Amino acid sequence: MPLQEVVLAEPRGFCAGVDRAIEIVERALRKFGAPIYVRHEIVHNTYVVNDLKARGAVFIEDLAEVPPGATLVFSAHGVSRAVQQEARARGFQIFDATCPLVSKVHVEVAKLAQEGYEFLMIGHKGHPEVEGTMGQLDHGIHLIEDVDDVARVQPAQTDKLAVVTQTTLSVDDAAHILAAVRARFPQVREPKQQDICYATQNRQDAVKLLSPQVDVLIVVGSPTSSNSNRLRELAAKLGTPAYMVDSAAELQSAWFEGVTRVGLTAGASAPEVLVQQVLERIKALGATAVRRMEGVQETVKFPLPKGLRLGEAA
Ligand code: SF4
1342 MPLQEVVLAE
1352 PRGFCAGVDR
1362 AIEIVERALR
1372 KFGAPIYVRH
1382 EIVHNTYVVN
1392 DLKARGAVFI
1402 EDLAEVPPGA
1412 TLVFSAHGVS
1422 RAVQQEARAR
1432 GFQIFDATCP
1442 LVSKVHVEVA
1452 KLAQEGYEFL
1462 MIGHKGHPEV
1472 EGTMGQLDHG
1482 IHLIEDVDDV
1492 ARVQPAQTDK
1502 LAVVTQTTLS
1512 VDDAAHILAA
1522 VRARFPQVRE
1532 PKQQDICYAT
1542 QNRQDAVKLL
1552 SPQVDVLIVV
1562 GSPTSSNSNR
1572 LRELAAKLGT
1582 PAYMVDSAAE
1592 LQSAWFEGVT
1602 RVGLTAGASA
1612 PEVLVQQVLE
1622 RIKALGATAV
1632 RRMEGVQETV
1642 KFPLPKGLRL
1652 GEAA
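Using the numbering used here, you'd call the opening residue of the sequence shown number 1342 and step up by one each time.
This is how it looks when you write it as structure tokens:
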């Protein structure tokens, strides 16, 4: 059977935190003019970063690269206390694009630390969100990447032990690790609502529904995007060949040989324009029908920081 149908996952692509972060940089560019400095990629997507660069955003990792008096935006992943303090000490005008759902985890860590808690953080080493959350305290947060780490970790005490997670983990892997944490530390305090965010959950749920209906799944997302990688892995675990592409140019016709139905989704930092370009390329390879799967309609929206809201004086 030749290639026939493309099924679009629902929901897919931008989440409320990514929308807000990009809008913060865009509004800062309009209000203050270029250059606007951004610490780390505002969101993990090559297209978004290149587009903002072309409009005058300058992406840096080290605050020493930012001139005095400049405007600086923190990325959606959040930053450590040390970075916040250094940015303030250098006198920058700061706009914080940290996703409010990441900030919520920071607040929880600060609050429980005051009460004497020590933390286990389930997450991926080196991811900026993990560095930002672990950097909310000078010490007392242990990184847990897998079940083996749960067996290895040696907290100083176990009476007051809390667990937090990165927002963009595999829901199933996190549940598995959390079960091991509970088994070793039955008194561990868990977040009232899980830290994995609604967008991660909804996009993974959609891939779970979609994968069995298609012969191959294409995920639009950049290699650095944690939640996009998790979508590809999830489909592969469910037995559906899955590929992640940063743009339509990366699609390979060999992936569609002997394939009738293609699933298409996008990570939370991947713009819809890329999805549409990928869709056009798959149609050019022979797909004749496009169908949208039924899915959760997301209505979450986060307010912009003061100084960048509509109607505020320039
Ligand atoms: S993926 Fe979740 S935590 Fe990350 S920016 Fe989007 S809503 Fe926020």
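Positions of the beta carbon are idealized from the N, C-alpha and C atoms, including for glycine.
Predicted model only: the values in this text are computed from it and were never measured.
Residue i CB to nearest heavy atom of ligand 1 below 6 Å
{"i": "L1442", "result": "yes"}
{"i": "A1540", "result": "yes"}
{"i": "T1474", "result": "no"}
{"i": "V1471", "result": "no"}
{"i": "V1359", "result": "yes"}
{"i": "T1640", "result": "no"}
{"i": "T1506", "result": "no"}
{"i": "T1509", "result": "yes"}
{"i": "A1417", "result": "yes"}
According to DSSP, residues forming a beta bridge with residue i
{"i": "L1413", "result": "Y1378 and I1435"}
{"i": "H1483", "result": "L1461"}
{"i": "M1634", "result": "According to DSSP, which records beta bridges pairwise, M1634 is partnered with nothing at all."}
{"i": "Y1584", "result": "I1559"}
{"i": "R1530", "result": "A1503"}
{"i": "F1400", "result": "V1379"}
{"i": "G1604", "result": "V1348 and L1558"}
For residue j and residue i, the rounded distance between their alpha carbons
{"i": "L1651", "j": "D1513", "result": "40 Å"}
{"i": "A1430", "j": "L1404", "result": "11 Å"}
{"i": "P1646", "j": "R1602", "result": "43 Å"}
{"i": "L1484", "j": "E1621", "result": "42 Å"}
{"i": "T1506", "j": "G1627", "result": "42 Å"}
{"i": "V1389", "j": "S1552", "result": "27 Å"}
{"i": "Q1618", "j": "V1347", "result": "13 Å"}
{"i": "L1550", "j": "R1544", "result": "10 Å"}
{"i": "D1392", "j": "D1437", "result": "20 Å"}
{"i": "P1409", "j": "R1493", "result": "45 Å"}
Close-in-space but distant-in-sequence residues of the same chain around residue i (CB under 6 Å, 5 per side omitted)
{"i": "R1361", "result": "F1643"}
Residues near residue i by beta carbon distance below 8 Å, same chain, minus five either side
{"i": "Q1528", "result": "T1499, D1500 and L1502"}
{"i": "V1471", "result": "M1462, G1464, H1465, L1484 and Q1507"}
Any C-beta of chain B under 7 Å from that of residue i
{"i": "R1380", "result": "The structure shown contains no chain B; it holds only a single protein chain."}
Start-to-end residues for the alpha helix (DSSP H) that takes in residue i
{"i": "V1366", "result": "A1357 to F1373"}
{"i": "M1475", "result": "P1469 to M1475"}
{"i": "P1441", "result": "P1441 to Q1455"}
{"i": "I1663", "result": "Because the chain here runs from 1342 to 1655, residue 1663 falls outside it and cannot be looked at."}
Unbroken beta strand (DSSP E) run spanning residue i, endpoints
{"i": "E1574", "result": "Careful: E1574 lies outside any beta strand (DSSP E), inside the alpha helix (DSSP H) at S1567 to K1578."}
Cβ-heavy atom distance, residue i to ligand 2, below 6 Å
{"i": "A1611", "result": "Absence of ligand 2 is noted for the structure shown, with ligand 1 being the only ligands found."}
Own chain residues within Cβ distance below 7 Å of residue i, not counting five before or after
{"i": "R1523", "result": "V1529"}
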